[in-house]
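Following the working numbering, the numbering of the sequence shown begins with 46 at its first residue and continues without gaps. Quick reminder that beta carbons are idealized off the backbone N, C-alpha and C, glycines included. To start, the structure itself, in structure tokens.
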Amino acid sequence: MSVYFKNTIDNYLTIAVTELSHADEIFELLDNDQENIGQFLGFVALTKTKEDEVDYIKKTMHGIADGTDALFSIIRDNHIVGVIDFHCIDSENKKAEIG
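Structure below.
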């Protein structure tokens, strides 16, 4: 698996900056558990194709460049098991939303 930046948490768990190459695995996670995840995350119903996931990652990459977003893949045993993001990053007031 390709990762630009990662932080190893323990022997099995790593957090890494999400890359476009992660889109297939992330989409598969969402698609395989859409009913359950969709109860908690409204965007899941809007993620109908791998291209939708690619578009989301690209949008977040622009946010990273602007300093307003950050997206990380949660990796266990070299497989993505989830994602976490920071959005609405407000550097001046030192706050962000976690999702």
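For this session: Report the rounded CA-to-CA distance for D114 versus F72, giving the unit in angstroms.
Result: 20 Å
Exercise. Is it buried or exposed for L91, if we count other Cβ within 10 angstroms and need 16 for buried?
Worked result: exposed
Exercise. Between the region 60–68 and the region 116–123, do three or more beta carbon pairs fall short of 8 Å?
Worked result: yes
Exercise. If you draw a straight line from the alpha carbon of I102 to that of E142, how long is it in whole angstroms?
Worked result: 17 Å
Exercise. Should H67 be labelled buried (16 or more other beta-carbon atoms within 10 Å of its own) or exposed?
Worked result: buried
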